[in-house]
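Colleague: Dumping the structure here so I can ask a few things about it.
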Amino acid sequence: MKYIILFSTLLSFLFYKTDNGFIVSIGKQPDCIGFNICKIIVNNNELRKDNETIVDISVINDKAVEFSFRKSSISDKAFLKYFSTGFFILDEDYTVPENICTMLQIPRCTLKEGKYKITSTYDRYVVVF
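The sequence shown runs 66 to 194 under this note's numbering.
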């Protein structure tokens, strides 16, 4: 019994994610209103504005970029404006900052203008660009 508890504890540490993700300000530059991504920064655990949410970013099959927005970090106002329709809208191309592209080894740093399907999971809204 002790070995089972020890083994399960070790496994939980192996699969536990320690990264804090990124903060995405949703809206169009320069004033972060409209439909787009305004900016992306490394999560600094400070208080966020209504249009800011925590997201995990990953690359799928060396070509698509997946944004996994944490539901718990999305304000009601941001949900209604950006997620309630089932589509995430970029009304113009967005260039991911070079330091983040390098850090995550993203093959293309420009997310193309378009309407992207939002997939809802238990605790996330996932968008693949």
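All residues carry an ideal CB built from backbone N, CA and C; glycine is no exception.
Computed from a predicted model, the values in this text were never measured in an experiment.
Could you tell me if Asn109 is buried or exposed, where buried requires 16 or more neighbouring beta carbons within 10 angstroms of its beta carbon?
Modeller: Position 44 of the sequence shown holds residue 109. Taking every protein chain shown into account, the CB of Asn109 has fewer than 16 other CB atoms within 10 angstroms, so this residue is exposed.
Colleague: How long is the line joining the alpha carbons of Cys174 and Arg189, rounded to whole angstroms?
Modeller: To locate residue 174, count along the sequence shown from 1; it is residue 109. To locate residue 189, count along the sequence shown from 1; it is residue 124. Near 23 Å, if we compare the C-alpha coordinates of Arg189 and Cys174.
Colleague: Measure the alpha-carbon distance for Asp96 versus Leu145 and round it to whole angstroms.
Modeller: For the purposes of this step, residue 96 is identified with residue 31 of the sequence shown, where counting begins at 1. For the purposes of this step, residue 145 is identified with residue 80 of the sequence shown, where counting begins at 1. Between Asp96 and Leu145, the C-alpha separation is close to 19 Å.
Colleague: Taking Cβ positions, are Leu176 and Tyr159 nearer each other than 8 Å?
Modeller: The sequence position of residue 176 within the sequence shown is 111, counting from 1. The sequence position of residue 159 within the sequence shown is 94, counting from 1. Yes, they are a contact pair.
Colleague: Excluding the five sequence neighbours on either side, which residues of its own chain have a C-beta within less than 6 Å of the C-beta of Ile125, listed in chain order?
Modeller: Sequence index remark: in the sequence shown, residue 125 carries index 60 (1-based). Counting only Cβ-Cβ distances below 6 Å, and skipping sequence neighbours, we find Glu131.
Colleague: Using the DSSP secondary-structure output, state which residues sit across from Glu131 in a beta bridge.
Modeller: For this step, residue 131 is matched to residue 66 along the sequence shown. According to DSSP, Glu131 bridges with Ser123, Val193.
Colleague: Take the Cβ of Lys82 as the centre, count every other Cβ of all protein chains shown within 10 Å, and call the residue buried at 16 or more, exposed below.
Modeller: Stepping through the sequence shown from its first residue, residue 82 is reached at position 17. Its pLDDT being 40, under 50, Lys82 is placed unreliably by the model, and nothing is read from it.
Colleague: Can you tell me whether Thr118 is helix, strand or coil according to DSSP?
Modeller: By 1-based counting over the sequence shown, the position of residue 118 is 53. Thr118: strand per DSSP, three-state reduction.
Colleague: Taking buried to mean at least 16 other C-beta atoms within 10 Å of its own C-beta, is Thr167 buried or exposed?
Modeller: Within the sequence shown, the letter at position 102 stands for residue 167. Exposed.
Colleague: Measuring straight from C-alpha to C-alpha, what distance separates Ile102 and Ala129?
Modeller: Locating residue 102 in the sequence shown gives position 37, where the first residue counts as 1. Locating residue 129 in the sequence shown gives position 64, where the first residue counts as 1. Between Ile102 and Ala129, the C-alpha separation is close to 17 Å.
Colleague: Indicate whether Gly86 and Ile139 have their beta-carbon atoms separated by less than 8 Å.
Modeller: For the purposes of this step, residue 86 is taken as the residue at position 21 of the sequence shown. For the purposes of this step, residue 139 is taken as the residue at position 74 of the sequence shown. Not in contact: Gly86 and Ile139 (Cβ atoms no closer than 8 Å).
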